[in-house]
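Student:
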Amino acid sequence: MPLTPADVHNVAFKKPPIGKRGFDEEEVDAFLDEVERELARLIEENNELRAQVERGGVGRGGASGDPRLAAEISNLGVQLENAQRDRVAADQAARSLMAELEQARAQGGPGPGGDGEQAVRVLMMAQRTADDHVGDARREADRLLSEARSRADELTREAQATADTVERDARQRHQEAMGGLDAKRTATLQHIAELTQFEREYRTRLMAYLESQLRDHGGRADAEVTSAPQ
8 MPLTPADVHN
18 VAFKKPPIGK
28 RGFDEEEVDA
38 FLDEVERELA
48 RLIEENNELR
58 AQVERGGVGR
68 GGASGDPRLA
78 AEISNLGVQL
88 ENAQRDRVAA
98 DQAARSLMAE
108 LEQARAQGGP
118 GPGGDGEQAV
128 RVLMMAQRTA
138 DDHVGDARRE
148 ADRLLSEARS
158 RADELTREAQ
168 ATADTVERDA
178 RQRHQEAMGG
188 LDAKRTATLQ
198 HIAELTQFER
208 EYRTRLMAYL
218 ESQLRDHGGR
228 ADAEVTSAPQ
């Protein structure tokens with residue numbers, strides 16, 4: 008269970024028996040107040056980093072449509088979870104040391120590693136360790152977020168380039184197809200014009216031939232009538 012600011016705020020140390028050595032109560036309270044504020048800040052900062060990573064994963068709309076990007080963001084999320092676990096482990100170590108400090112304070116004697124001041128130093132060391140882990144988690148989260156954004160931008164550029172290529176090829180094929188249709192249309196119209204011209208010429212020649220035949224036939228008929236005996 009991770010250490011929370013409320014845990015630090017609610018911790019209560021027993022006063023040492025009369026004649027026993029102990030800590031200055033005001034100094035301990037002031038130190039715990041500082042630990043509480045710093046822990047609250049670190050938790051808020053960590054939650055903000057997590058939210059940034061989640062927004063970086065889905066904010067561009069590419070993850071749901073690109074399985075490669077979704078897989079990479081999922082992997083980055085796992086790495087961030089590992090960093091989170093490191094922070095929780097540091098919090099648990101701080102909690103354990105605070106429990107030992109409370110026990111030492113209740114006994115009014117030396118802490119787990121020496122006198123009471125040593126216990127305070129141990130607690131401060133635990134806080135620094137927790138700060139180091141949270142700092143590492145923050146740097147790791149920044150790195151993962153940067154990688155996720157870079158990869159998303161790269162995949163977006165690749166997708167845009169592919170879309171541009173497809174569109175360009177489609178336009179070219181369309182132009183080629185329209186050019187072919189225009190050529191066929193022109194050839195067809197030319198052929199129709201040639202057939203129409205051929206029909207006109209054929210009709211003209213046919214009419215001239217028929218008229219010629221009729222004239223020849225009429226002339227022979229007149230000649231036969233004239234040469235017949237009276």
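If you want the working numbering, it's the 1-based position in the sequence shown plus 7. The C-beta atom is built at its ideal place from N, Cα and C for all residues, glycine as well. If you're wondering where the values come from, they're calculated on a predicted model, not measured in any experiment.
(1) Hey, how far is the Cα of residue 142 from the Cα of residue 178?
(2) So which of 203, 92 and 187 has the shortest CA-CA distance to residue 50?
(3) If you drop the 5 nearest sequence neighbours on each side, which residues of the same chain put their C-beta closer than 8 angstroms to that of residue 175?
(4) Measure from the alpha carbon of residue 55 to the alpha carbon of each residue in 225, 152 and 183, then state which is nearest.
(5) Are the Cβ atoms of residue 41 and residue 138 separated by less than 9 angstroms?
(6) Helix, strand or coil for residue 64? Go by DSSP, reduced to three states.
(7) Give every residue of the same chain whose Cβ lies closer than 7 angstroms to the Cβ of residue 219, excluding the five residues on either side of it in the sequence, and list them in chain order.
(8) Pull up the distance between the alpha-carbon of residue 172 and that of residue 48, whole angstroms please.
(9) Under a Cβ-count criterion, where at least 16 other Cβ atoms within 10 Å of its own Cβ denotes burial, should residue 190 be classed as buried or exposed?
(10) Label residue 5 either buried or exposed according to how many other C-beta atoms from any shown protein chain fall within 10 Å of its C-beta, with 16 as the threshold for buried.
(11) Return the CA-CA distance between residue 157 and residue 150, expressed in angstroms with no decimal places.
(12) Please report how far the alpha carbon of residue 184 lies from the alpha carbon of residue 204, in whole angstroms.
Tutor: The short version:
(1) Separation of residue 142 and residue 178 (C-alpha to C-alpha, rounded to the nearest whole angstrom) is 53 angstroms.
(2) 92
(3) Correct list: empty, nothing qualifies.
(4) 152
(5) Taking the C-beta atoms as reference points, residue 138 is found no nearer than 9 angstroms to residue 41.
(6) Because residue 64 carries a pLDDT of 47, less than 50, the predicted location of this residue cannot be relied on, and no value is offered for it.
(7) none
(8) 49 angstroms
(9) exposed
(10) Lying outside 8 to 237, the shown extent of the chain, residue 5 is not represented and no answer is given.
(11) When rounded, the distance between both Cα atoms is 10 angstroms.
(12) Each residue's alpha carbon lies about 30 angstroms from the other.
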